[in-house]
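Chemist: Could you have a look at this structure, given as C-alpha cells, before my questions?
Protein chains: 2
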Amino acid sequence: MSTRNVRKDKTNGSGTSVLQKNVRIRDVAEVAGVSTATVSRALSNPELLTEATRDSVFAAIRATGYRVNKAARTLRTRQAGAILVLVPNLGNPFFSQILAGINERLGEHDMSVLIADTANLATAGEFLVDHFLNSQIDGVICLDGSLPETELEQFRKNGVADKIVFACEWVHSAGLPSVRSDNVEGARLAVRHLHELGHRKIAHVTGPGDNVLTHARRQGMLEERARLQLPVRDEWIVRGDFSLESGRSAAMRILELDEKPTAVFCASDQVAFGLMSTLEAHGLIVPDDISVVGFDDIELADFYVPALTTIRQDRRALGTKAASLLLECVEPKTTRPADRLKPVVVGVDLVVRESTAPPKNASVSATG
Amino acid sequence: MSTRNVRKDKTNGSGTSVLQKNVRIRDVAEVAGVSTATVSRALSNPELLTEATRDSVFAAIRATGYRVNKAARTLRTRQAGAILVLVPNLGNPFFSQILAGINERLGEHDMSVLIADTANLATAGEFLVDHFLNSQIDGVICLDGSLPETELEQFRKNGVADKIVFACEWVHSAGLPSVRSDNVEGARLAVRHLHELGHRKIAHVTGPGDNVLTHARRQGMLEERARLQLPVRDEWIVRGDFSLESGRSAAMRILELDEKPTAVFCASDQVAFGLMSTLEAHGLIVPDDISVVGFDDIELADFYVPALTTIRQDRRALGTKAASLLLECVEPKTTRPADRLKPVVVGVDLVVRESTAPPKNASVSATG
DNA sequence: CATTCTCATGTAATCGATTACATTAATAAT
DNA sequence: ATTATTAATGTAATCGATTACATGAGAATG
Chain A
3 MSTRNVRKDK TNGSGTSVLQ KNVRIRDVAE VAGVSTATVS RALSNPELLT EATRDSVFAA
63 IRATGYRVNK AARTLRTRQA GAILVLVPNL GNPFFSQILA GINERLGEHD MSVLIADTAN
123 LATAGEFLVD HFLNSQIDGV ICLDGSLPET ELEQFRKNGV ADKIVFACEW VHSAGLPSVR
183 SDNVEGARLA VRHLHELGHR KIAHVTGPGD NVLTHARRQG MLEERARLQL PVRDEWIVRG
243 DFSLESGRSA AMRILELDEK PTAVFCASDQ VAFGLMSTLE AHGLIVPDDI SVVGFDDIEL
303 ADFYVPALTT IRQDRRALGT KAASLLLECV EPKTTRPADR LKPVVVGVDL VVRESTAPPK
363 NASVSATG
Chain B
3 MSTRNVRKDK TNGSGTSVLQ KNVRIRDVAE VAGVSTATVS RALSNPELLT EATRDSVFAA
63 IRATGYRVNK AARTLRTRQA GAILVLVPNL GNPFFSQILA GINERLGEHD MSVLIADTAN
123 LATAGEFLVD HFLNSQIDGV ICLDGSLPET ELEQFRKNGV ADKIVFACEW VHSAGLPSVR
183 SDNVEGARLA VRHLHELGHR KIAHVTGPGD NVLTHARRQG MLEERARLQL PVRDEWIVRG
243 DFSLESGRSA AMRILELDEK PTAVFCASDQ VAFGLMSTLE AHGLIVPDDI SVVGFDDIEL
303 ADFYVPALTT IRQDRRALGT KAASLLLECV EPKTTRPADR LKPVVVGVDL VVRESTAPPK
363 NASVSATG
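Residue numbers (this note's numbering), protein chains in the order written: chain A, 3 to 370; chain B, 3 to 370.
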C-alpha cells in the first residue's frame, strides 16, 4: 500500500504469499544510483570507494534487504565458501568439540562447514573429488586416517590433494598437513602415572591395527614401559578398536589371563568405559582391584563411576588449528607450502580422577 | 603398467600435475557431437533422447570425466541440492544416529547435508534466512525446539517457513511439520516400570523449563503417577537441562531431601549419568539404594556401571523420517501440504537393565 | 596551459548449466 | 501428394555476481 516498496515486475502469477522477492545486485545498484560493479566492490573491496558512494551503497543494501547469491558468486569466483569435514564416526562424542572448534574458526571467515560420516560413504575419494570439481567445497578436514592410498592417489591426480588437512588422525605415507595431539607423550604420561602409583604389570588395549593413533599410543606405552623396566608380556597388549564394544571384549580377554595386570591403559575413553563396565560386571572393583586409564577425556569421563583417569586432548584446539591450517592452504597468506607439512602438535595432559589407585598389595615406596 | 587403465585424453600441455581440467558441458557436447541442451537432457531427462544419442552422450561424459558444476546448476535452477541440520549441541552423542539417518535418506536423493550447531549461532534465524535466500540450502531439519518465535516469524516473512521440519523437538505454537518420539508414552513406561518394581516415591529430573520434551515427559510422568495413585511431592520434581552437569546438581538436591524418593526418572540418559555418578560419590548404591531410569538409550547406556534402564528412542528412524518429510516439503509429490503438518510419531520402548531394582524394604507384592 | 597520472566508477564479458522456444525430420492423417 | 502432428534436437537467453578493461574527472607536473 505504501508508495515505494514494491518491485512488482516479476509477480509470477500465483498471487499468493510466495513473495519470491529476488533482490539482485542490479536492484541495489539501481537504488543506490551506481553500477553493479560498484556494489560488488562495496562488498569485497570497500576501500576502493569514496566514503560517500560506499555509504549510499550500504544504505541501498539495507533498504532492499539484499543478500549475495552464493551460487552466482561461486560460479564466477570458483570459490565455494565451504569446507567439508570427514568424520569416521559421528556417533563418537569425541568429535563434537573438534567440530565446534572448526566451526568457530571457519565461521570467522564466512565459511560453511559440511560434515560427512565416512561410515556412510562407500567411496570417500570419489565423493570428495566430486565435491571439489563440483566447486561445492574449497577444502577438506579429514578426521579419518584410514583413507586408503588409492583414494589419496585420486586426490593427487585431480589436483586437490593440497586442499586437505588431517586432524587427530593422519596418513603417514603421504606428506599432507596435519594437526594432532602428542599421542606418544600421552601414552607415556599414562604409564608413568600408573608406575608412580606402584603398578608394574600394566596392560594396554590398543586401537584398530592399521590406525596411526594406535601405533603412536602403543609406541609411547612400550617406550615408557621399557624405560621404567616394567615386566613385559604379550597378552597384556590387547587389540581393540576405540569402541565401547571392544572395551568389553578386551575385559573378557584380561579376565581370562592367569597372570593378570594390575592396571590397564586404554587407547580411548570409550574403550575404558566398555572395559570397566565389563570388569565390574564380573565382580572386579575399579580401582581397588584394577586401575584403568583412558585417552581423550571426553565429557563423560568425569561422570563415569568411577570417574575416569585419562589423557586429555584439547579437542577444541585441534579443531581451530586444523581450520587455520586449512585456511592457509586454501587462501595462502603467510606460510610457504613446505611449512604447512610439518605436523602441528597439540599438547596433552594427564587428568587424574578415581579409576586409578595403588595396586592392592603393593609397597608404594620403591623408586618414586 | 597394465594396458587399459589410462585416460590420457586431455593432457593440456602443461605437463605438470596442476591439471585444472575444466570439463564443461560444452566439451562433452563437442565430443558427443550434440548440443549442450542434449547433454543436459541426458542427465536430467534421459527418456527424452534416442537411445543412440543418449549412449553417445554418456560415452562422452565418461571419456571426458565430466562432472556437473553444482554452482552453475544451482544458479540456474534455484535449487541447492543441500539441506541444513540445526543441532542444539553436537557434543551430545544423542544426535549422531539421527544425523546418520538423515544422511542415509538424503544421500539417496543426491542431497548434501550441512550441519550447524545452534550454540555457535548467535542468530539462527538470520543465519537460516540468509542461507535460504542465498540459495545455499533447499530446506532445514531443526533438532532444536527452542527457536524463539521472532525467528520463526522471520521465516514466514521470507517465505521459507514451509521448508522446515522439526525432528525430536518441535515448536508448539507454529504449525510446522515434525517427527518426534512418543515422549509421553515413554515417560509413562518409565513410571510404570518403577511402580511394578514396587516403587512408590518416584522423583523426576526434568529438562529445561521451556522445552517441549521437558513438558511432554513431565506430563507423561505426572499422568502415570496420578493413574497409579502414587504419592506427590513438589520436591520430587527437579529442574534439569538434559546435561550431565544438571544430573549432578539434581543429585545434590535429592540428597538433601528429608523424604527421599526411592527411584528417579531422568529426562535424558546424560542426566541419569550425572545423577548416578554423584549419588555413588555420596555413597548411595544404584539400584540397591535408589533406582534410576533414563531417556534416549544412547549407546553408552549399556556400558555404564550400572547399565542404565532407559527409554529407547529410535534415533535412526527419527532421522530418516525427518528427511523423508523434508523431501516432501521441498519436492512435493504424494502428500498434500495439510497432511504434512500432522506430527509423525515414532514409538519408544522400555529397555530394562541394571539401574532399576525393587526398593530396599518394600513388599513387592501389592497390586501388580 | 598542456600533459600525464591517479582515482573512482562504469561497461560488458564471463563463469556453466538449464530451458523456453525454434527448427528439423519423421510419421500420421486427409 | 499435402498438410498436420509428433518427436528429437538445436539456439540462445538466462540465472546473479565478479572483474578486466575503458572512461572521465581532477590533481600533479612541466
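We put the beta carbon where it would ideally sit given N, CA and C, even for glycine.
Determine which residues share a DSSP beta bridge with F297 (chain A) and list them.
Modeler: A:I313
Chemist: Could you tell me which residues DSSP pairs with R182 (chain A) in its beta bridges?
Modeler: DSSP links R182 (chain A) through a beta bridge to A:V347.
Chemist: Give me the Cα-Cα distance between P289 (chain B) and L352 (chain B), rounded to the nearest whole angstrom.
Modeler: For P289 (chain B) and L352 (chain B), the distance between alpha carbons rounds to 17 angstroms.
Chemist: Just curious, the alpha helix (DSSP H) that F157 (chain B) is in, first and last residue?
Modeler: E151 to K159
Chemist: If you pair each beta-carbon of the stretch 245-257 of chain B with each one of the stretch 216-236 of chain B, do three or more pairs fall below 8 angstroms?
Modeler: No, the stretch 245-257 of chain B is not in contact with the stretch 216-236 of chain B.
Chemist: Report the neighbours of T76 (chain A) on chain B: residues whose CB is nearer than 7 angstroms to its CB, in chain order.
Modeler: A73
Chemist: Can you tell me which of the three DSSP states D119 (chain B) falls into?
Modeler: strand
Chemist: DSSP on H206 (chain A), reduced to helix/strand/coil?
Modeler: Reduced to three states, the DSSP call for H206 (chain A) is strand.
Chemist: Using 10 angstroms around the beta-carbon of P90 (chain B), count the other beta-carbons present and answer buried if the total reaches 16, otherwise exposed.
Modeler: buried
Chemist: Along the chain, where does the beta strand (DSSP E) that runs through A84 (chain B) open and close?
Modeler: For A84 (chain B), the uninterrupted beta strand (DSSP E) segment begins and ends at A84 to V89.
Chemist: Taking all protein chains shown into account, do 16 or more other C-beta atoms lie within 10 angstroms of the C-beta of G35 (chain B), making it buried, or fewer, making it exposed?
Modeler: exposed
Chemist: Could you run through the stretch 103-123 of chain A and flag, in chain order, every residue whose CB is less than 9 angstroms away from some CB of chain B?
Modeler: N105, E106, G109, S114, V115, L116, I117, A118, D119, A121, N122 and L123
Chemist: Classify I27 (chain B) as helix, strand or coil using the three-state DSSP reduction.
Modeler: helix
Chemist: Where P360 (chain A) and L196 (chain A) are concerned, what is the direct C-alpha to C-alpha distance, given to the nearest angstrom?
Modeler: 8 angstroms
Chemist: Within the same chain, show all residues whose beta-carbon is closer than 7 angstroms to that of L51 (chain B), passing over the 5 residues directly before and after it, in chain order.
Modeler: T40, R43 and A44
Chemist: To the nearest angstrom, how far is the alpha carbon of G242 (chain A) from that of V273 (chain A)?
Modeler: 8 angstroms
Chemist: Going straight from the alpha carbon of E282 (chain B) to that of K323 (chain A), what length do you get?
Modeler: 38 angstroms
Chemist: Taking only the alpha-carbon atoms, compute the straight-line gap between S245 (chain B) and S270 (chain B) and give it to the nearest angstrom.
Modeler: Each residue's alpha carbon lies about 8 angstroms from the other.
Chemist: Can you grab the Cα-Cα spacing for the pair D57 (chain B) / I27 (chain B), in whole Å?
Modeler: 16 angstroms
Chemist: How is the beta strand (DSSP E) around R93 (chain B) delimited, first residue to last?
Modeler: The question names Arg, yet the displayed sequence has Gly at residue 93 (chain B). No beta strand (DSSP E) contains G93 (chain B), which DSSP labels as neither H nor E.
Chemist: Nearest chain A C-beta to R69 (chain B) closer than 8 angstroms, yes or no?
Modeler: yes
Chemist: Compare the C-beta of P95 (chain B) against all C-beta atoms of chain A and say whether one is closer than 8 angstroms.
Modeler: yes
Chemist: Considering Cα atoms alone, identify which of A:K362, A:E330 and A:P308 is closest to G141 (chain A).
Modeler: Nearest in C-alpha terms to G141 (chain A), of all of A:K362, A:E330 and A:P308, is A:E330.
Chemist: On the three-state DSSP scale, how would you describe F305 (chain B)?
Modeler: helix
Chemist: List the whole-angstrom C-beta distance separating N160 (chain B) from V131 (chain B), where the pair is believed to meet the contact cut-off of C-beta under 8 angstroms.
Modeler: About 5 angstroms; that satisfies the 8 angstroms criterion.
Chemist: Return yes when the Cβ of V162 (chain B) is within less than 8 angstroms of the Cβ of F134 (chain B), no when it is not.
Modeler: yes
Chemist: Can you tell me whether V349 (chain A) is buried or exposed? The criterion is at least 16 other CB atoms within 10 Å of its CB, across all chains shown.
Modeler: Note on identity: in this sequence residue 349 (chain A) is Gly, with Val being the wrong assignment. With a threshold of 16 other beta carbon atoms within 10 Å, G349 (chain A) falls short and is exposed.
Chemist: What does L101 (chain B) touch in chain A if you count any residue whose Cβ is under 7 angstroms from its own?
Modeler: Under the 7 angstroms cutoff, chain A gives L92.
Chemist: Among all the DSSP beta bridges, which residues are the ones paired with C169 (chain A)?
Modeler: The question names Cys, but residue 169 (chain A) in the sequence shown is Ala. For A169 (chain A), which the question treats as bridged, DSSP gives the partners A:V181.
Chemist: Verify whether the separation of the beta carbon atoms of V346 (chain A) and D184 (chain A) is less than 8 angstroms.
Modeler: no
Chemist: Does Q156 (chain B) get closer than 8 angstroms to chain A when you measure Cβ to Cβ?
Modeler: It does not: the Cβ of Q156 (chain B) has no partner Cβ on chain A nearer than 8 angstroms.
Chemist: Check the Cβ-Cβ distances between S293 (chain B) and every residue of chain A, and say whether any is below 8 angstroms.
Modeler: no
Chemist: Reducing DSSP to helix, strand and coil, say where L215 (chain B) ends up.
Modeler: helix
Chemist: Inspect the CB distances between the stretch 142-156 of chain B and the stretch 212-222 of chain B and report whether three or more fall short of 8 angstroms.
Modeler: yes
Chemist: For chain A, check one thing: does any of its Cβ atoms lie closer than 8 angstroms to the Cβ of G222 (chain B)?
Modeler: Not closer than 8 angstroms to any Cβ of chain A, the Cβ of G222 (chain B) fails to qualify, so no.
Chemist: Whose C-beta lies closer than 8 angstroms to the C-beta of I287 (chain B) among residues of the same chain, with five residues either side of it excluded?
Modeler: none
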